[in-house]
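The UniProt record's numbering applies: residue 1 is where the sequence shown begins, and numbers increase by one. Written out below as structure tokens is the structure these notes cover.
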Amino acid sequence: MAHKFLDLTFTPAVLEAQQHYFGRSHAIPPAAQDDALGPEEIAFIESRDSFYLSSVSETGWPYTQHRGGPAGFCKVIRPNQLVFADYKGNRQMLSTGNLATDDRVCLFMMDYPARERLKLLGHAEVLDAREHPDLVRQITTPELASITERVFRIHVVAFDWNCPKYITPRYTAAQVQELITPLKTRIAELESQLAEHRS
1 MAHKFLDLTF
11 TPAVLEAQQH
21 YFGRSHAIPP
31 AAQDDALGPE
41 EIAFIESRDS
51 FYLSSVSETG
61 WPYTQHRGGP
71 AGFCKVIRPN
81 QLVFADYKGN
91 RQMLSTGNLA
101 TDDRVCLFMM
111 DYPARERLKL
121 LGHAEVLDAR
131 EHPDLVRQIT
141 TPELASITER
151 VFRIHVVAFD
161 WNCPKYITPR
171 YTAAQVQELI
181 TPLKTRIAEL
191 ESQLAEHRS
């Protein structure tokens with residue numbers, strides 16, 4: 001776990017809850033610097049095809065939104081900065097509106113087959129895609145650029161890897177196909193051999 005994440009999330013109320021349920025609380029010295037994304041974090045982020053983005057409204061209510069795209073649609077462009085395209089959607093503008101009054105976000109990224117999860121805290125900025133065509137071309141494909149309305153740019157402040165406990169492995173259709181292709185090939189070989197034997 002990176003130090004800054006503890007500094008930000010282990011609030012007095014959290015420490016009090018730790019003391020109440022476990023008889024002790026964590027002593028966390030203040031972290032002067034933001035957590036720096038390393039090669040492992042960058043590779044994980046840039047291989048996701050979806051994640052969850054949480055923001056807080058001006059009335060104090062949290063909101064979590066699913067974000068998806070082709071694998072690698074979320075890109076790390078600087079050691080502590082990542083961007084992703086925001087495509088045409090339902091036009092509710094909930095995350096975009098929330099970020100206009102409070103730019104703090106939490107990103108929750110999952111790798112279900114590997115039972116891994118990465119949490120990131122940061123400050124988000126929403127850019128109008130029409131005003132940043134070069135950035136849009138840099139981070140997406142020509143096909144997706146045509147439906148990109150905004151770009152989210154996030155300065156990562158802290159991150160934390162979670163343990164695999166209680167993560168149920170889930171697989172995409174492509175991953176399942178990759179696993180069963182050798183089995184299909186072997187079945188076809190055996191069926192061919194059986195047909196030759198019968199003839």
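Even glycine gets a Cβ: it sits at the ideal position worked out from N, Cα and C.
task: Check whether the Cβ atoms of A124 and F84 lie closer than 8 Å to each other.
output: Translated into positions along the sequence shown, residue 124 becomes position 124. Translated into positions along the sequence shown, residue 84 becomes position 84. Going by C-beta atoms, A124 is not nearer than 8 Å to F84.
- request: Counting only the same chain and skipping the five closest in sequence on each side, list residues whose C-beta sits under 8 Å from that of H26.
  value: If you number the sequence shown from 1, residue 26 lands on position 26. Result list for H26: L6, F10, L15, Q18, in chain order.
task: Select from M109, N98, T140, L144 the residue whose C-alpha is nearest the C-alpha of V56.
output: The residue given as residue 56 occupies position 56 in the sequence shown. Here the closest residue by C-alpha is N98.
query: Does the Cβ-Cβ distance between V136 and S54 come in under 8 Å?
result: Your numbering for residue 136 matches position 136 in the sequence shown. Your numbering for residue 54 matches position 54 in the sequence shown. The Cβ atoms of V136 and S54 do not sit closer than 8 Å to each other.
query: Looking only at its own chain, which residues have a Cβ that is under 8 Å from the Cβ of Y171, when we skip the five neighbours before and after it?
result: To locate residue 171, count along the sequence shown from 1; it is residue 171. Y112, P113, L179.
- prompt: Are there 16 or more other CB atoms within 10 angstroms of the CB of A32, so buried, or fewer, so exposed?
  reply: Position 32 of the sequence shown, counting from 1, holds the residue named residue 32. Flag for A32 reads exposed.
query: Taking the DSSP output, what are the residues bridged to T64?
result: By 1-based counting over the sequence shown, the position of residue 64 is 64. In the DSSP assignment, T64 forms a beta bridge with S54.
- prompt: What is the DSSP secondary structure of I77, counted as helix, strand or coil?
  reply: For the purposes of this step, residue 77 is identified with residue 77 of the sequence shown, where counting begins at 1. I77 falls in the strand class under three-state DSSP.
field: Other residues of its chain near residue 206: CB distance less than 7 Å, five sequence neighbours each side excluded
entry: With the chain represented from 1 up to 199, any question about residue 206 goes unanswered, as that position is not in the structure.
- request: Find the nearest neighbour of Y63 within the set P70, A43, D103, judged by alpha-carbon distance.
  value: The count along the sequence shown starts at 1 and reaches residue 63 at position 63. Per the Cα distances, D103.
query: Considering H123, what are the terminal residues of the beta strand (DSSP E) in which it resides?
result: As a working note, residue 123 is residue 123 in the sequence shown. Start and end: 116 to 128.
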